[in-house]
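*Asks:* Next up is a structure, given as C-alpha coordinates.
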Amino acid sequence: MGTVVSLTVPAGAVPETAAGADGGLDDAAAAVELVFARMDEAFSLYRPDSEASRLARGELSLREASAGMRDRYADALNWRLTTEGAFSPERPDGVLDLSGIIKGYAIAQAGESLRSRGITEWCLNAGGDVLVMGSPVPGSAMSWTAGVVDPQDRSALLSAFELGGGPGGWETSTRRALATSGSAERGDHIWTAGTGGAEFIQVSVAAADIVTADVLATAIVAGGAAMLDRATDHWDIDVLAVRRNGQLLATPGFRA
(Lines of atoms letter the chains of each structure in order from A; the text may use other names.)
(Lines give C-alpha, C1' and ligand atoms only; values in the text may rest on other atoms or scores of the structure.)
Protein backbone atom coordinates (compact mmCIF):
# COMPACT_ATOMS: atom_id res chain seq x y z
CA MET A 4 0.00 0.00 0.00
CA GLY A 5 3.05 2.24 0.02
CA THR A 6 2.56 3.37 3.59
CA VAL A 7 3.97 2.86 7.08
CA VAL A 8 1.85 1.00 9.63
CA SER A 9 2.47 1.34 13.35
CA LEU A 10 0.88 -0.45 16.29
CA THR A 11 0.94 0.98 19.82
CA VAL A 12 -0.09 -1.22 22.75
CA PRO A 13 0.19 0.04 26.36
CA ALA A 14 2.28 -1.93 28.82
CA GLY A 15 0.25 -4.69 30.43
CA ALA A 16 -2.46 -4.67 27.75
CA VAL A 17 -1.37 -7.92 26.05
CA PRO A 18 -2.83 -11.13 27.56
CA GLU A 19 -0.34 -13.69 28.76
CA THR A 20 0.28 -16.55 26.32
CA ALA A 21 2.35 -19.68 26.48
CA ALA A 22 5.23 -17.58 25.21
CA GLY A 23 4.51 -14.73 27.65
CA ALA A 24 3.24 -11.21 26.97
CA ASP A 25 6.13 -10.39 24.61
CA GLY A 26 5.28 -13.39 22.49
CA GLY A 27 1.66 -12.33 22.37
CA LEU A 28 2.63 -8.86 21.18
CA ASP A 29 4.89 -10.29 18.48
CA ASP A 30 2.05 -12.52 17.34
CA ALA A 31 -0.34 -9.55 17.23
CA ALA A 32 2.10 -7.44 15.22
CA ALA A 33 2.62 -10.30 12.77
CA ALA A 34 -1.15 -10.67 12.37
CA VAL A 35 -1.51 -6.95 11.59
CA GLU A 36 1.32 -7.17 9.07
CA LEU A 37 -0.32 -10.16 7.40
CA VAL A 38 -3.63 -8.30 6.96
CA PHE A 39 -1.93 -5.44 5.13
CA ALA A 40 0.26 -7.76 3.06
CA ARG A 41 -2.75 -9.74 1.82
CA MET A 42 -4.67 -6.57 0.96
CA ASP A 43 -1.68 -5.24 -0.94
CA GLU A 44 -1.24 -8.49 -2.85
CA ALA A 45 -4.85 -8.37 -4.06
CA PHE A 46 -5.68 -4.68 -4.48
CA SER A 47 -2.46 -2.81 -5.28
CA LEU A 48 -2.26 -1.35 -8.79
CA TYR A 49 1.50 -0.96 -8.28
CA ARG A 50 1.96 -4.74 -8.24
CA PRO A 51 1.71 -6.19 -11.77
CA ASP A 52 0.77 -9.59 -10.36
CA SER A 53 -2.11 -8.36 -8.18
CA GLU A 54 -5.74 -9.18 -8.90
CA ALA A 55 -6.48 -5.46 -9.28
CA SER A 56 -3.76 -5.10 -11.94
CA ARG A 57 -5.08 -8.10 -13.84
CA LEU A 58 -8.54 -6.49 -13.82
CA ALA A 59 -7.07 -3.18 -15.00
CA ARG A 60 -5.31 -4.90 -17.93
CA GLY A 61 -8.49 -6.74 -18.91
CA GLU A 62 -6.99 -10.17 -18.18
CA LEU A 63 -9.70 -10.83 -15.61
CA SER A 64 -13.35 -9.76 -15.55
CA LEU A 65 -15.09 -8.60 -12.41
CA ARG A 66 -17.40 -11.61 -12.69
CA GLU A 67 -14.33 -13.88 -12.54
CA ALA A 68 -12.74 -11.95 -9.67
CA SER A 69 -12.53 -13.19 -6.10
CA ALA A 70 -15.42 -12.75 -3.68
CA GLY A 71 -13.34 -10.27 -1.71
CA MET A 72 -12.77 -8.11 -4.77
CA ARG A 73 -16.46 -8.18 -5.72
CA ASP A 74 -17.54 -7.38 -2.16
CA ARG A 75 -15.25 -4.36 -1.91
CA TYR A 76 -16.43 -3.17 -5.32
CA ALA A 77 -20.05 -3.47 -4.17
CA ASP A 78 -19.20 -1.48 -1.04
CA ALA A 79 -17.49 1.19 -3.13
CA LEU A 80 -20.53 1.43 -5.44
CA ASN A 81 -22.75 1.94 -2.41
CA TRP A 82 -20.49 4.77 -1.24
CA ARG A 83 -20.69 6.33 -4.71
CA LEU A 84 -24.48 6.36 -4.40
CA THR A 85 -24.57 7.76 -0.86
CA THR A 86 -22.03 10.48 -1.68
CA GLU A 87 -23.81 11.31 -4.96
CA GLY A 88 -20.73 10.47 -6.98
CA ALA A 89 -18.13 12.34 -4.92
CA PHE A 90 -16.52 8.99 -4.09
CA SER A 91 -15.94 6.63 -7.00
CA PRO A 92 -14.34 3.18 -7.42
CA GLU A 93 -13.17 4.04 -10.93
CA ARG A 94 -10.54 6.39 -12.25
CA PRO A 95 -11.52 8.94 -14.93
CA ASP A 96 -10.17 6.51 -17.56
CA GLY A 97 -12.54 3.80 -16.30
CA VAL A 98 -9.91 1.66 -14.55
CA LEU A 99 -11.20 0.07 -11.34
CA ASP A 100 -9.26 1.55 -8.40
CA LEU A 101 -10.38 0.60 -4.90
CA SER A 102 -7.47 2.28 -3.11
CA GLY A 103 -9.86 4.88 -1.67
CA ILE A 104 -11.57 2.22 0.42
CA ILE A 105 -9.06 -0.60 0.87
CA LYS A 106 -6.75 1.04 3.42
CA GLY A 107 -9.71 1.65 5.70
CA TYR A 108 -10.80 -1.97 5.38
CA ALA A 109 -7.27 -3.18 6.08
CA ILE A 110 -7.09 -1.07 9.25
CA ALA A 111 -10.51 -2.32 10.35
CA GLN A 112 -9.56 -5.97 9.75
CA ALA A 113 -6.29 -5.50 11.60
CA GLY A 114 -8.24 -4.08 14.54
CA GLU A 115 -10.54 -7.10 14.54
CA SER A 116 -7.47 -9.35 14.52
CA LEU A 117 -6.19 -7.62 17.65
CA ARG A 118 -9.57 -7.91 19.37
CA SER A 119 -9.75 -11.61 18.54
CA ARG A 120 -6.49 -12.04 20.46
CA GLY A 121 -7.96 -10.39 23.53
CA ILE A 122 -6.04 -7.13 23.11
CA THR A 123 -8.48 -4.34 23.97
CA GLU A 124 -6.16 -1.34 24.35
CA TRP A 125 -4.32 -0.28 21.18
CA CYS A 126 -3.76 2.35 18.52
CA LEU A 127 -3.25 1.51 14.83
CA ASN A 128 -1.80 4.16 12.52
CA ALA A 129 -1.53 3.50 8.78
CA GLY A 130 -0.10 6.46 6.92
CA GLY A 131 -1.79 8.94 9.26
CA ASP A 132 -5.16 7.16 9.35
CA VAL A 133 -5.82 6.08 12.93
CA LEU A 134 -8.08 3.55 14.64
CA VAL A 135 -8.05 3.02 18.40
CA MET A 136 -9.58 0.85 21.06
CA GLY A 137 -9.71 1.44 24.79
CA SER A 138 -7.23 3.80 26.40
CA PRO A 139 -3.46 4.45 26.42
CA VAL A 140 -3.70 3.88 30.18
CA PRO A 141 -5.39 0.47 30.55
CA GLY A 142 -8.53 0.53 32.65
CA SER A 143 -8.77 4.33 32.69
CA ALA A 144 -11.09 6.74 30.86
CA MET A 145 -8.16 8.53 29.19
CA SER A 146 -8.51 9.04 25.44
CA TRP A 147 -5.93 8.56 22.75
CA THR A 148 -4.85 11.81 21.08
CA ALA A 149 -4.38 11.84 17.32
CA GLY A 150 -2.58 14.73 15.67
CA VAL A 151 -3.45 16.36 12.34
CA VAL A 152 -0.41 17.63 10.44
CA ASP A 153 -0.49 21.17 9.02
CA PRO A 154 -0.57 20.75 5.20
CA GLN A 155 1.35 24.00 4.78
CA ASP A 156 4.04 23.06 7.32
CA ARG A 157 4.58 19.31 7.58
CA SER A 158 6.74 19.78 10.68
CA ALA A 159 3.84 21.26 12.66
CA LEU A 160 0.49 20.02 13.94
CA LEU A 161 -2.64 21.81 12.85
CA SER A 162 -4.91 20.21 15.43
CA ALA A 163 -5.38 17.24 17.74
CA PHE A 164 -8.41 15.06 18.31
CA GLU A 165 -9.29 12.72 21.17
CA LEU A 166 -10.30 9.18 20.17
CA GLY A 167 -11.69 6.28 22.17
CA GLY A 168 -11.11 6.16 25.90
CA GLY A 169 -12.52 4.18 28.77
CA PRO A 170 -13.41 0.50 29.25
CA GLY A 171 -15.62 -0.82 26.48
CA GLY A 172 -14.52 2.02 24.25
CA TRP A 173 -15.02 -0.05 21.10
CA GLU A 174 -18.75 -0.29 21.72
CA THR A 175 -19.48 3.06 23.39
CA SER A 176 -17.20 5.71 21.89
CA THR A 177 -18.60 7.56 18.86
CA ARG A 178 -15.12 8.63 17.69
CA ARG A 179 -12.61 5.80 17.35
CA ALA A 180 -11.19 6.63 13.94
CA LEU A 181 -9.51 9.56 12.22
CA ALA A 182 -8.60 9.67 8.52
CA THR A 183 -6.99 12.42 6.45
CA SER A 184 -6.98 12.91 2.68
CA GLY A 185 -5.55 15.65 0.50
CA SER A 186 -2.76 16.82 -1.75
CA ALA A 187 -0.20 18.05 0.79
CA GLU A 188 1.80 14.82 0.98
CA ARG A 189 1.16 12.97 -2.30
CA GLY A 190 0.14 15.83 -4.60
CA ASP A 191 -3.19 16.02 -6.45
CA HIS A 192 -4.03 12.31 -6.63
CA ILE A 193 -7.79 12.61 -5.96
CA TRP A 194 -9.90 13.38 -9.03
CA THR A 195 -12.56 16.04 -8.58
CA ALA A 196 -15.91 16.80 -10.15
CA GLY A 197 -14.95 20.35 -11.17
CA THR A 198 -12.31 21.64 -13.58
CA GLY A 199 -10.56 24.00 -11.19
CA GLY A 200 -8.97 21.39 -8.97
CA ALA A 201 -9.75 20.51 -5.37
CA GLU A 202 -11.24 23.23 -3.17
CA PHE A 203 -9.64 21.67 -0.08
CA ILE A 204 -5.97 20.72 0.14
CA GLN A 205 -6.62 18.55 3.20
CA VAL A 206 -9.64 17.06 4.94
CA SER A 207 -9.64 15.12 8.21
CA VAL A 208 -12.70 13.15 9.34
CA ALA A 209 -13.30 11.62 12.77
CA ALA A 210 -15.93 8.87 12.96
CA ALA A 211 -16.92 5.72 14.78
CA ASP A 212 -15.29 3.48 12.17
CA ILE A 213 -12.25 3.91 9.95
CA VAL A 214 -13.91 3.03 6.63
CA THR A 215 -16.47 5.82 7.04
CA ALA A 216 -13.75 8.27 8.08
CA ASP A 217 -11.47 7.28 5.19
CA VAL A 218 -14.13 7.32 2.46
CA LEU A 219 -15.72 10.60 3.56
CA ALA A 220 -12.35 12.37 3.84
CA THR A 221 -11.68 11.43 0.21
CA ALA A 222 -15.22 12.31 -0.88
CA ILE A 223 -15.04 15.79 0.68
CA VAL A 224 -11.73 16.52 -1.04
CA ALA A 225 -13.30 15.40 -4.32
CA GLY A 226 -16.69 17.04 -3.83
CA GLY A 227 -15.72 20.28 -2.09
CA ALA A 228 -17.99 22.35 0.14
CA ALA A 229 -21.17 20.75 -1.20
CA MET A 230 -19.96 17.30 -0.14
CA LEU A 231 -18.74 18.69 3.19
CA ASP A 232 -22.27 19.93 3.92
CA ARG A 233 -23.80 16.63 2.80
CA ALA A 234 -21.39 14.58 4.89
CA THR A 235 -21.96 16.54 8.11
CA ASP A 236 -25.73 16.43 7.54
CA HIS A 237 -25.97 12.70 6.88
CA TRP A 238 -23.21 11.11 9.00
CA ASP A 239 -22.22 11.39 12.66
CA ILE A 240 -18.74 12.78 12.06
CA ASP A 241 -16.41 15.65 12.84
CA VAL A 242 -14.50 17.37 10.04
CA LEU A 243 -11.51 19.67 9.73
CA ALA A 244 -11.07 20.99 6.16
CA VAL A 245 -8.26 23.23 4.91
CA ARG A 246 -8.90 25.44 1.89
CA ARG A 247 -6.13 26.32 -0.56
CA ASN A 248 -5.84 29.80 0.97
CA GLY A 249 -5.31 28.26 4.42
CA GLN A 250 -8.82 28.94 5.71
CA LEU A 251 -10.10 26.28 8.11
CA LEU A 252 -13.61 24.86 8.27
CA ALA A 253 -14.23 22.83 11.43
CA THR A 254 -17.14 21.12 13.15
CA PRO A 255 -17.54 21.55 16.95
CA GLY A 256 -15.52 18.44 17.79
CA PHE A 257 -12.40 19.93 16.20
CA ARG A 258 -13.07 23.46 17.47
CA ALA A 259 -13.16 22.06 21.00
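Residues are numbered in my numbering as their position in the sequence shown, beginning at 1, plus a constant of 3. For each residue, glycine too, the CB sits at the ideal point set by N, CA and C. Quick caveat: nothing in here was measured; it's all calculated off a predicted structure.
Could you tell me how far apart the beta carbons of Gly185 and Val224 are, in whole angstroms, since I believe they sit closer than 8 Å?
*Replies:* 6 Å
*Asks:* Among residues of its own chain, excluding the 5 on either side of Thr148, which ones have a beta-carbon nearer than 8 Å to its beta-carbon?
*Replies:* Ala163, Phe164, Glu165, Leu166
*Asks:* Would you mind giving the Cβ-Cβ distance between Ala109 and Leu134, rounded to the nearest angstrom? I have them listed as a contact below 8 Å.
*Replies:* Not quite, the Cβ-Cβ distance comes to about 10 Å (not below 8 Å), so this is no contact.
*Asks:* What is the DSSP secondary structure of Val218, reduced to helix, strand or coil?
*Replies:* helix
*Asks:* On the CB-based measure, 16 or more other CB atoms within 10 Å of its CB, does Ser119 come out buried or exposed?
*Replies:* exposed
*Asks:* Which same chain residues end up closer than 6 Å to Gly150 when comparing Cβ atoms and leaving out the 5 residues on each side of it in sequence?
*Replies:* Leu160, Ala163
*Asks:* Rounded to whole angstroms, what is the Cα-Cα separation between Pro51 and Ser91?
*Replies:* 22 Å
*Asks:* Name the one or two DSSP bridge partners that Phe164 has.
*Replies:* Answer by DSSP bridge pairing, in chain order: Ala149.
*Asks:* Quick one: Cα of Val8 to Cα of Ile104, how far?
*Replies:* 16 Å
*Asks:* Going straight from the alpha carbon of Trp125 to that of Gly168, what length do you get?
*Replies:* 10 Å
*Asks:* Thinking C-beta only, is Tyr49 closer than 8 Å to Leu65?
*Replies:* no
*Asks:* According to DSSP, is Arg60 part of a helix, a strand, or is it coil?
*Replies:* Coil.
*Asks:* If you draw a straight line from the C-alpha of Val218 to the C-alpha of Asp236, how long is it?
*Replies:* Going by C-alpha positions, Val218 is about 16 Å away from Asp236.
*Asks:* Helix, strand or coil for Gln260, going by three-state DSSP, please let me know.
*Replies:* In the structure as shown, the chain begins at 4 and stops at 259. Residue 260 is therefore absent and cannot be evaluated.
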